Every structure is written in structure tokens, then in C-alpha cells.
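What follows is a set of notes on a single structure, which appears directly below.
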Amino acid sequence: MQKALARTSKCHVVIWVSPSVAPGALKKIRNIYKELSFCSRKVCNMKVDEIMDVALRRGFIFPASEIYGGVSGFWEYGNLGTLMKRKWEDAWRHHFLSLDQNYYEISTSNIMPEAVFKGSGHLEHFNDPLTACTKCNQRFRADDLITDACGKNAEDMTTEEMELAINEENIKCPRCGGDLGPVQLFNMMFCLDIGAAGGTKGYLRPETAQGAFISFKRMFEVLRNRLPIGIGIVGRVYRNEISPRQGFFRLREFNQAELQIFFDPDTFDEHTSFDDVSGTPLRVRPLDRDEEVEMTAGDFRDTYGIGRFYVYHMVKIQEFYLDVLKVPRDKFRFRELSERERAFYNKVHWDIEVDMETLGGYKEVAGIHYRTSHDLSGHQEMSKQKMQVNIDGKKFVPHVLELSFGVDRNFWALLDLAFAKEEERTVFRFPPRMAPITVAVFPLLNKQPLIEKATEIYSQLASIMQTDYDRGGSIGRRYRRQDEIGTPFCVTVDFDTLEDGTVTLRDRDSMEQKRVGENALLGEILSRVAQ
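In our numbering, the protein residues as written are 3 to 533.
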């Protein structure tokens with residue numbers, strides 16, 4: 003049987019189709035699928051529009067080069083977006099670089115010579131399937147068109163299979179209705195000339211990972227010839243996407259946070275702390291299952307034969323999403339990729355996915371990849387520099403476990419999961435440690451004694467955490483402004499404050515208010531942020 007999947011904001015609708023179904027009935031089934039998909043997209047688009055309205059108005063994100071009409075696939079972070087992005091990146095650093103005493107962050111170049119990408123294989127393999135309209139010449143990703151038209155997962159199709167699907171499903175140009183041309187592979191790297199004479203060809207990096215690989219030899223010596231070594235990089239990357247879509251989710255210039263862990267391949271099934279996490283339930287979607295299942299890390303390792311080193315880091319990734327980012331458990335999963343789906347350099351590949359209403363279901367926000375020695379061996383051959391190490395007389399090329407996160411995709415996931423439209427207010431329920439503003443301070447009235455005390459409290463809090471100060475409008479209006487940008491706590495200074503030294507502390511989610519002593523205020527807020 004073939005399966006088509008339409009997703010609404012509340013549930014999945016699965017249509018199972020027998021191979022022997024009559025052609026007329028099959029046409030009706032396809033029409034039902036398209037209607038359900040249209041309704042699903044309509045619900046998603048409504049929420050996208052609502053989030054975008056706040057994001058643009060309040061300074062989370064906005065299109066790049068906006069006054070010139072913008073270019074698809076390029077966005078800017080505003081003041082609030084920059085604060086939240088930085089908090090996400092700092093949380094990532096704190097969580098993952100603390101997993102081992104030998105995990106560090108470095109910063110590497112965005113532009114690299116062509117030889118780097120010959121060595122890595124990107125010049126040959128870093129491609130997406132492209133098809134162009136024969137009438138208007140608009141270009142599209144062929145796999146996206148197939149998925150939109152009939153619900154098939156086309157990522158693991160060959161170009162020939164995509165052409166067949168386009169013809170069988172009678173897929174036309176979404177722009178003008180014209181016929182689509184043959185499917186071809188398109189390399190997604192941005193090429194440029196280095197130097198005034200243009201004699202050296204270079205590329206903008208399509209991932210941060212290559213900076214870690216070509217720096218390995220140096221860092222291995224700097225860190226005193228020990229394994230494992232973790233090299234983390236947080237920074238911008240560039241991919242010339244054929245047809246960027248889904249708003250802020252698929253970009254041509256975006257941010258990654260990646261950790262490349264170099265280790266002895268003979269220790270892939272070892273980790274000194276695995277026993278501590280072996281009983282942790284993992285939420286996974288393996289290839290041999292049609293839905294998510296829960297199994298302990300130990301059972302997962304035994305069932306699927308994946309090394310303890312890999313599974314340990316899966317547990318830590320899940321902790322990051324569930325405990326740090328506060329993603330609801332039922333909206334998180336690891337999904338196994340088939341051999342044809344995964345990147346050319348990965349031997350084992352599980353995506354980290356979050357269920358987002360704005361995007362119609364589970365979408366990739368990160369990945370954990372066993373890249374073997376592919377990259378170091380390729381650079382060793384191309385550069386003629388030895389990447390082999392000698393540990394206690396044992397010579398080998400280290401293998402790599404990659405933890406790769408799309409910063410912007412995770413940023414959008416936070417917006418999606420936190421957004422709520424209520425009768426009296428619009429609110430982002432960000433986890434307190436992720437909210438761009440942690441606390442706002444208000445004088446109840448524009449009276450000088452209240453302003454002076456509120457300013458004093460603001461200064462004390464602002465030295466510790468991101469704090470806003472607002473004295474404009476009614477107190478209710480000020481609460482609503484802070485709810486709309488996700489500020490978890492508001493402090494109001496009133497005349498009782500001048501008498502007894504207490505302030506009103508308001509909670510964003512419950513809207514409950516509590517009198518707290520001025521001296522206990524900082525501790526109370528920090529305690530709530532840490533929960």
C-alpha cells in the first residue's frame with residue numbers, strides 16, 4: 003500500500019491506498035488529500051502571519067535589505083531577536099561544551115579556498131535537485147514540488163524517479179502552470195574570486211564543520227595530543243538554496259552551532275558515563291517503525307547496534323531540548339534517515355525534529371551524524387598533510403561524531419511553540435532563560451518618588467539579567483506589551499514599596515501577582531528562571 007499524509011494543526015489524517023484501487027477512485031483520493039493539505043496549510047499560514055506580525059512589529063526578525071524589497075532567503079535579527087538568539091547560543095555552549103573537559107570552541111573563516119571543498123567532497127556531492135519551468139523559467143526544488151503535490155517523501159528519490167513522479171502526478175509550475183523541465187543537480191555553494199586579480203577561487207562555507215576539520219591537526223597539538231577532542235563552532239554559513247521557502251526556516255545565509263568530536267573508532271561503543279544514562283527513555287522514530295516509540299538508551303543501543311558513544315550524546319541532545327529549551331516531550335523526536343536520505347558523508351544519521359504547527363508537523367532542527375574518517379581522510383589526501391594521530395603507539399585517522407544545530411531553525415521553533423493568541427492578549431510563553439527580556443520594571447505612576455525607586459531597582463537587576471524599564475501608559479497596557487514579547491516577570495513599584503520595601507512581582511503565564519521584599523527580589527527571579 004501507498005501512504006499519503008495530510009496534517010492539520012491538531013491531528014494527522016493518514017490515507018492508505020491499495021495498489022489495486024481503481025483509477026477513478028485514486029483521483030478522488032488525491033483530491034481529498036489536496037483539500038486536507040490545503041486546510042492544513044491555511045491553519046499553518048494563519049499562525050505564521052500572527053507570529054510574523056509580532057516579530058516584525060516588536061523587533062524579533064525582519065527581511066534583509068527591506069527598503070529595497072529584500073531578497074528571498076535572507077533575514078535580519080532585530081533587537082529582541084538578537085538577544086534571544088544569543089541566549090540560545092550561550093545555552094548551547096554551556097550544555098554541550100561542558101560534556102567533556104576536552105571540548106572547546108574556536109572561530110574559523112567564512113571563506114575557504116576551492117581545495118578545501120574538493121577534499122571534503124562538497125564540490126562533487128553538495129547538490130539539490132532542480133527543475134525549471136519551460137514557460138516562465140522559474141526554478142524550483144523538485145523534491146519540494148513532489149511533496150507538496152502528493153505527500154510523498156521525495157528526499158531519497160533519484161533525479162530519474164523525481165522526473166517520473168512529476169510526470170505521473172502531472173505536477174505543473176506553481177507560478178504559471180507551465181510544464182516542468184528535466185530534474186538536474188545544482189551545487190548549492192556560493193563561489194567567489196579571492197584577490198584583486200581573481201586568480202584564486204574560493205567558496206563561502208556551507209557548514210561550519212570544515213573549519214573544525216582543517217584545524218584539527220593544529221588543535222590536536224594545542225590540546226596535548228589527547229582524544230576525544232571536541233571542536234565547537236558557532237557562526238554563519240551560506241547555501242544558495244534553489245527556492246527558499248517556509249519564511250524564516252530555509253535560508254541562504256544562516257547560523258549553525260556545531261560540535262565535531264574526534265575519537266578513536268575502536269571506542270565507538272564505549273563511554274565512561276553511559277551507565278549513568280542507560281535508563282533514560284529516548285523518543286525515537288526508527289526506519290522500522292511507523293510512529294514514535296520510547297525506549298531506554300540501553301535498549302536502544304542493544305536493539306539498533308549503535309555505539310554507546312553515539313547514544314550517550316543522543317541522550318544529552320534530548321536533555322538540551324526537554325530540560326533547557328523546555329520543548330514538550332510529545333513534540334520532540336529523533337528520526338532515523340535512510341541510506342539514500344542521509345548526507346554523503348554520514349554512516350549513521352538521526353535528525354532531531356520538533357513538531358511545529360506553523361510548518362505542518364515535525365521539522366528538522368538539528369542532527370547527530372557519524373561522519374567516520376571521511377573528512378579527515380579527504381583533507382589528508384588533498385592537502386598531503388597527515389591527519390593520522392599516534393596514541394600510545396597506535397596510529398589511526400580519528401573518526402568524527404557531529405552534533406549539528408540550525409540556530410535559526412531552533413529560534414523559529416521557540417517562536418512556534420511559545421506563541422499563543424488569547425482573548426485579552428497575545429503572549430510568547432518562552433522558557434524564562436530563553437526570553438529576550440527576563441524582567442521589566444514599572445513605576446505604577448509617573449510620580450518622582452516611584453520613578454526614582456523603580457530606576458534604582460532597574461539598575462540593580464540590569465547588572466545581572468536583561469531588564470526593561472517602561473513608564474508609558476496604564477499598568478495593564480504595559481503588562482500586555484511585555485506579554486507580547488515574552489517577558490516572564492514584571493516588577494511594579496508602588497507607594498507601598500516606599501512604605502514597606504515590597505514590590506509586586508507578576509508572572510507572565512499565570513498572571514498571578516505576589517508581593518516580594520526588595521531584598522529578596524533578585525533571588526526570587528533567579529530561582530524561577532532556573533526552574
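All C-beta atoms, glycine included, are put in the ideal place defined by N, C-alpha and C.
None of these values were measured; they are calculated from a predicted model.
Run the CB neighbour count on GLN450, radius 10 Å, all protein chains shown included, and call it buried at 16 or more, exposed below. Counting from 1 along the sequence shown, the entry for residue 450 is found at position 448. Exposed.
Is there a Cβ from chain C that is less than 9 Å from the Cβ of TYR323? Absent here is chain C; the protein component of the structure consists of one chain.
For LEU279 and HIS273, what's the separation of their Cα atoms in angstroms? Translated into the one-based positions of the sequence shown, residue 279 becomes position 277. Translated into the one-based positions of the sequence shown, residue 273 becomes position 271. The residue you asked about is not Leu; residue 279 is Val in the sequence shown. Approximately 10 Å, taken between the alpha carbons.
In angstroms, rounded to a whole number, what distance separates the CA positions of GLY72 and ASP418? Against the sequence shown, residue 72 aligns to sequence position 70. Against the sequence shown, residue 418 aligns to sequence position 416. Answer to the nearest angstrom: the Cα atoms are 23 Å apart.
For HIS273, name the three-state secondary structure that DSSP assigns. On the sequence shown, position 271 is the one that residue 273 refers to. Three-state result, HIS273: coil.
In this structure, how does DSSP classify ILE477 when only helix, strand and coil are distinguished? In the sequence shown, residue 477 corresponds to position 475, counting from 1. Helix.
Just tell me which of TYR481, ASP511 and ILE477 has its CA closest to the CA of ASP496. The residue you call residue 496 lines up with position 494 of the sequence shown. Ranking the options by Cα distance to ASP496, first place goes to ILE477.
Between ARG285 and GLU294, how many whole angstroms is the CB-CB distance? I'm expecting something under 8 Å. On the sequence shown, position 283 is the one that residue 285 refers to. On the sequence shown, position 292 is the one that residue 294 refers to. Rounded, the Cβ-Cβ distance is 6 Å, consistent with contact.
So is ILE393 buried or exposed if we call it buried at 16+ other beta carbons inside 10 Å? Within the sequence shown, residue 393 is the residue found at index 391, counting from 1. So ILE393 counts as exposed.
Whole angstroms are fine: how far does the CA of ASP268 sit from the CA of LYS89? For the purposes of this step, residue 89 is taken as residue 87 along the sequence shown, with counting starting at 1. For the purposes of this step, residue 268 is taken as residue 266 along the sequence shown, with counting starting at 1. Approximately 37 Å between the Cα atoms of the pair.
Would you say VAL409 and ASN242 are within 9 Å of each other, going by their C-beta atoms? Taking the first residue of the sequence shown as position 1, residue 409 is located at position 407. Taking the first residue of the sequence shown as position 1, residue 242 is located at position 240. Taking a C-beta distance under 9 Å as the contact criterion, VAL409 and ASN242 do not qualify as a contact pair.
Which two residues bound the contiguous beta strand (DSSP E) that contains ALA134? The sequence position of residue 134 within the sequence shown is 132, counting from 1. It spans 129-134 - the beta strand (DSSP E) in which ALA134 sits, taken as one unbroken run.
Nearest residue (CA-CA) to ILE263, options CYS135, PHE98 and GLU366: Numbered from 1 along the sequence shown, position 261 holds the residue referred to as residue 263. For the residues CYS135, PHE98 and GLU366, the minimum Cα distance to ILE263 belongs to PHE98.
Below 8 Å on the Cβ atoms is my guess for ALA442 versus THR489; work out the distance and round it to an integer in Å. Counting from one through the sequence shown, the residue named residue 442 turns up at place 440. Counting from one through the sequence shown, the residue named residue 489 turns up at place 487. ALA442 to THR489, Cβ: 5 Å. Contact.
Going by the beta-carbon positions, is the gap between PHE265 and ARG310 smaller than 9 Å? Working through the sequence shown from its first residue, we reach residue 265 at position 263. Working through the sequence shown from its first residue, we reach residue 310 at position 308. The answer is no: Cβ separation not under 9 Å.
Once the 5 residues before and after PHE119 are set aside, which same chain residues still bring their CB inside 6 Å of it? Taking the first residue of the sequence shown as 1, we reach residue 119 at position 117. Result list for PHE119: LEU125 and TYR205, in chain order.
Using only CA atoms, which one of PHE491, GLU338, GLY232 and ASN227 lies nearest to VAL350? In the sequence shown, residue 350 corresponds to position 348, counting from 1. When only C-alpha atoms are compared, the closest one is GLU338.
Could you tell me if VAL224 is buried or exposed, where buried requires 16 or more neighbouring beta carbons within 10 angstroms of its beta carbon? Within the sequence shown, the letter at position 222 stands for residue 224. Counting Cβ neighbours within 10 Å, VAL224 comes out exposed, since fewer than 16 surround it.
One question on the structure: do ILE231 and ASN104 come within less than 9 Å of each other, judged by their Cβ atoms? Stepping through the sequence shown from its first residue, residue 231 is reached at position 229. Stepping through the sequence shown from its first residue, residue 104 is reached at position 102. Against a cut-off of 9 Å, the Cβ pair of ASN104 and ILE231 comes out as a contact.
Helix, strand or coil for LEU38? Go by DSSP, reduced to three states. For the purposes of this step, residue 38 is identified with residue 36 of the sequence shown, where counting begins at 1. Here the model assigns LEU38 a pLDDT of 48, short of 50, so the residue's position is not dependable, and the following value carries that caveat. Reduced to three states, the DSSP call for LEU38 is helix.
Same chain, Cβ closer than 7 Å to VAL518, five either side skipped, listed in chain order: For the purposes of this step, residue 518 is taken as the residue at position 516 of the sequence shown. Answer for VAL518: THR504, VAL505, LEU507 and GLU526, listed in chain order.
Using a Cβ distance threshold of 8 Å, determine whether the stretch 171-189 contacts the stretch 136-146, with at least three qualifying pairs required. yes
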